[in-house]
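For the sequence shown, UniProt numbering begins at 1 and goes up steadily by one. Ideal placement from N, C-alpha and C gives every residue a C-beta, glycine not left out. Everything numeric in this text was worked out from a predicted model, so none of it was measured.
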Amino acid sequence: MTNTLFTANCEPAVWLWSKKYCGRMLLVALLAFPQAVFASTKTPIFFRTFQPHQTWVDQSSKLRLLSENDAPTAYTKTLEWIAGIPAFASAEDQARALNVLSRVEHNLSLTEQGYVHANTALEIAIAAHDRAGRAEAQLNIANFALYQGNIDLLITATMQSASLFEEGDSPDLLGEARLGATVMYRRLGQLDESITFALRSFEKAKNNGNPQLLAYAHRGLGISYQQSKNNYESERHFREMLKYSEIAHSKLLKALALMGISDAEDASGHLKNSEVLLRSALKTCREAAIPYCEGVLLNHLAENLREQGKIRESFPLLAEAESNYREHRNKIGLWWTIKYRGDNYQFLHEHEKALAAAEEASTIADEIDFPLYKTESAKQLASVYASRQDFKQAYRYASTAIDIANREAGATISSRTAELAKKYASETKQRQIEELKRAAQLQRSETRQHQLWLVLLSSAVILLAVTYFLLRLRRTQKEITRLNATLEKRVEQRTADLRQREQEYRTLAENSPNFIARYSLEGHHTFTNPAYAQLFGITETITDTPLIPVLLACIECVRDTGIPTETEILLETAQTSPRWINISMTAERGVNNEIVSILGIGYEVTDRKLRETQDEIRFSIYEHLAFGGDLTEILAQVTEYAQTSSGSIKSTIIIPHSRLDGDEQNPQESGMHSEPILTPEGQVLGHVVSQSDLPLSDDDLTRLKQASHLAAIAIERQHTNDRLRHQASYDALTGLPNRRLLHDRLHEEIAKASRTKQPLGLLFVDLDRFKEVNDSLGHHIGDQLLIEAAKRIRLHIRESDTVARLGGDEFVIVVPDVNKMDHLTRMAQTVLQSLQPAFNIEHQVAYISASIGIASYPLDAENAESLLSCADQAMYAAKERGRNGFSFFTSTMQEEMQQRLHLATDLREALAAGQLIPYFQPIIDTFSGQVVKAEALLRWKHPEHGMVPPDLFIPIAEEMGLIHEIGDWIFLETAKLAGQWADIRSQNSARPIHGQISVNISPRQFMRGNLCDQWMPRLQSLGVPPHYLVIEITEGLLLSEQSDVVGELARFREAGMQVALDDFGTGYSAMAYLKRFSIDYLKIDRSFVNELETDTNDRAIVEAIVAMGHKLGVKMIAEGVETQRQRDILQEIGCEYLQGYFYARPMPAKEFLDYVSAMNSEHTN
């Protein structure tokens, strides 16, 4: 037969995945392998490919290793390799070839054909006396037996393979066989043998030095230590296994090592680390395409996710593992998968699904028929039934699990005894056979004698029968006499026993520490033991002693219902301290089952009730502490808690913030004991003091320490609450009342003023230029200045007045009982004068003033909020008048405020409604007369009020935060117009004139940051070059200490835009600022240009500004040019650009473009 038998017109890859046709053909072919292939005497064509024996052995090892890294490829190469084996190959080579193929099929979970190949290899190896072939075949058979759940075959094959490999030359297979033996000992519960065998394997592996052998040895130790709960050693050996698996280049061993490390991490509580390791192992195993390894890792990962509470995530993994095991008929793997699924359902309280899974796992365990799996399944069923409240079934399966475990333990213990018994039984059986032979011979000789006596015996039977009946009659008479005597003796004995038992019961009752009594149905004592009599003080006849009402009620209840009852009663007598008694009563019944009496049994529960009382008090204390109870009430409960510790403590008091002299040193001699109340830092908050006539026990002292601790918690919590209340109502910096407390007091004072008809005054104080001091000298100096200012204000108010800090540099003074408005005037003047002297703070000198707004109730407002608002408006009016002054609220301010509120509401809709319109005012080149620049201005065309001035609605937009949206919009509109202007210039002029439009940026919008980054992409989308635009800022922005101002201006200039400084000369600009900030244009304020014709000082200032700008390379733009004379003077001075009504007013975009075209055409011509 040629090698075409092995191909069977089917590619190897197709064999791997089509088990219905090609796989069966392979199986048939290889079953015929020994007879068909190796029996051929012809020399086939592939004889040339045959290699020397040692090279061929190395090739088989390489194929085994390849199957641990890429099982499908290994399968293909193995088939090709087998096809090249010559017909004259030895039996050893035949066995080795089948063993290699079986090993690859094992890794691919091709169980049926792999098992057949392993058995065929075993038969060939036995016939050829090939010890190595037998060992490898037994190892393969053990692996397939594990798949099939055949535990007996697994044990036999594993132990035989380990024994056979000891003298072999295959260290990788030897390591695997030793590992199998180690695991087998563990499966059999022989942990000591498992560790011992694993250590022996490890020593041999170290001597050999083979990395695969060392990897298997470390895994054996890792598993053994893992089973004995030694996680440290287990993880160490698995990490060593990982190292050697990488040296051996085995993905299978690497995946198993990672799984072992993961189990150690799991046992140490590091579930997340365990999950990461398992996922890495699963990935490695998938790369090697080894199904049984994937199934094991899927189950481990699912169990890990369940332990982390990720139950739902584990179900897809279990489903994949179940599909894997069912496809490859791996019973043990399938049992673990179904069991894990049942555990998940039970954790989710899905009891029906959990029961179905547990029953399925139990069925599989019965098929496997190994105690480990049957015991675990029985335990799982018991747990499921217990969760379903079916305790009968739960008990049944729990008992089954115990019985299986006990039988297994018994079988292990008596294994030697069984061997001895078998031997003994064999010897005994032989002796019995000899005895039976001798008995048969004796019986034949006696048969003849028996025949002779038969006739005589027949005759004697009749005589004996008559005699028997006569004797029987006589014996019956004697038996009756004997039975009567016996019955009398039994009655006497029974009576004696009853008397003895009654005496024993009485002795027990009389000496029992429990309280025992019998009551008649009418509620009288018929019996009491000494403990009961002493408890209730019974000294008279027991039937005359009355019962307490609660006992009578219990007797009547049992008498009427027949149901036992139990109750606890408190006995308080003058002779003893209060005692708690638990009494149970039950009915005693007569012959006819009627109730004849009531039996009561009781015992003392005072200690338990005392503990319960203490627990209730302690819980109440904790509850009050948690929910902010009153300190006095909590300390009273602490006192009660201390006194309940013992009857020896007469009284207990808590003395906060106090120390005792003398008693602490000798508490037992003085009858007093003092326990300090300490904070965690050791601060003494007070003492718990107890008085007692007797020395306190250790329990009493412990209870007092607990009371001290509880008192410390309560007092400390009260102090904390006080601090929190103070922090909630007072400013942390100045110590003044904050906004919240101000509102509370203001409402109180308004209510009082309403009752007494006395006016109430309110002063709203805002420090002038505080921000400049804070920014220039630092926030620390600013804070100290606020503290000092608060002190000065507080010195000049009455005790009945309230000064509060609203926040920042704003203060409010509430002045009740104002008889005359002059009083508020004088107070405002006094506050202003107190703030005028210099503030000397840490060697720094600062000067500030204040603006004060004054309003009164009920003249200006009717409630607190309105009163504050009125004073606030008056304060702004004072600032507008020049600061460092005060202003009373007027009705005009109210109207302005209402107007601002309406404008603020309308402004929110103005942009969307198209009411905001961009206007543009031309800027003229002084010397050419052409329009070269323009300034974009914003106008609001209100539907009711007409054109609203910018100085009215721009501050409102800044306050409301709308300035950002409006600023972005006006920038885009300006950019569009700049692009249109550029198009007109290029079309209508042979020599285009450079033109720019400036956009005003609000300081608030600028401080938002990243304006340049936001605007540049928009310019690019419009196709407008940046140099067409100029950003225009105010002097106030330069004075800001914000570090981003310099950087943001630099970014604008780097992008190509220029910068203009507006209103130059009216603020605080200086050469230093101009040098620090890169400015392209200075705009001279209109206040200097207005008087330029008549005021020589203004002309001198303008000349100086222009000269200074030229020195710095800055060009000048004059605002507010309205006359020809102003134009001429500015031209003489050298101002480059002019802007004002002399040329044009601001106009809409279309009019501006028309104006530019006409103006530039005129001057060009």
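Cutting at 7 Å between CB atoms, please list the residues of its own chain near residue i, excluding the five before and the five after it.
i            : result
Pro1148      : Ile917, Tyr919
Tyr225       : Glu233, Ser234, His237
residue 1176 : Outside the displayed span of the chain (1 to 1165) sits residue 1176, for which this structure offers no information.
Ala1144      : Gln921, Pro922, Tyr1155
Gly967       : Ile1001, Ser1002, Gln1005
residue 1170 : Not covered by the structure: residue 1170. The range shown for the chain is 1 to 1165.
Pro530       : Glu510
Trp981       : Gly995, Leu1153, Val1156
With residue i as the anchor, note down where its alpha helix (DSSP H) starts and where it stops.
i       : result
Pro950  : 950-960
Leu785  : 779-795
Gly807  : Not the alpha helix (DSSP H): Gly807 falls in the beta strand (DSSP E), residues 802-807.
Phe536  : 530-536
Phe1006 : 1003-1007
Asp822  : 821-835
Tyr1081 : Where Tyr1081 is concerned, there is no enclosing alpha helix (DSSP H), although the beta strand (DSSP E) it sits in stretches over 1081-1084.
Arg96   : 91-107
Ala83   : 71-83
Met1108 : 1096-1111
With C-beta atoms as the reference, is residue i less than 8 Å away from residue j?
i       : j       : result
Arg765  : Phe811  : It should be pointed out that residue 765 corresponds to Val in this sequence rather than to Arg. Yes.
Leu278  : Ser262  : yes
Leu678  : Ala732  : no
Gly1140 : Val1121 : yes
Gly602  : Asn582  : yes
Leu868  : Leu762  : yes
Gln873  : Met893  : yes
Cys870  : Ala855  : yes
Taking the beta strand (DSSP E) that residue i falls in, what are its first and last residues?
i       : result
Tyr232  : First-last for Tyr232: 231-248, but that is the alpha helix (DSSP H), not the beta strand (DSSP E).
Asn1000 : 996-1000
Phe886  : 885-888
Pro918  : 916-925
Going by DSSP in three states, residue i sits in which element: helix, strand or coil?
i       : result
Asn330  : coil
Asn207  : helix
Asn840  : strand
Gly1056 : coil
Ser228  : coil
Arg388  : coil
Ile563  : coil
Thr495  : helix
Ala912  : coil
Thr756  : helix
Glu594  : coil
Per the DSSP calculation, residue i is bridged to which residue(s)?
i       : result
Ala850  : Leu767
Thr1034 : Asp1062
Asn582  : Glu568, Tyr603
Ser520  : Paired residue(s): none; Ser520 is not in a bridge.
Arg856  : Note on residue identity: the sequence assigns Ser, not Arg, to residue 856. Gly761.
Ile813  : Leu763, Val803
Tyr730  : Pro737
Pro676  : His687
His270  : Answer is none; His270 lacks a bridge partner.
For residue i, which residues in the same chain have their Cβ closer than 6 Å to its Cβ, ignoring the five residues on either side in sequence?
i       : result
His349  : none
Leu521  : Arg559
Gln784  : Ile841
Arg329  : Thr111
Phe1152 : Phe920
Asp1098 : Phe1088, Glu1091, Leu1092
His218  : His237, Glu240, Met241
Just checking: is the beta-carbon of residue i within a distance shorter than 8 Å of some beta-carbon in chain C?
i      : result
Pro949 : Among the chains in the structure shown there is no chain C, since it carries only a single protein chain.
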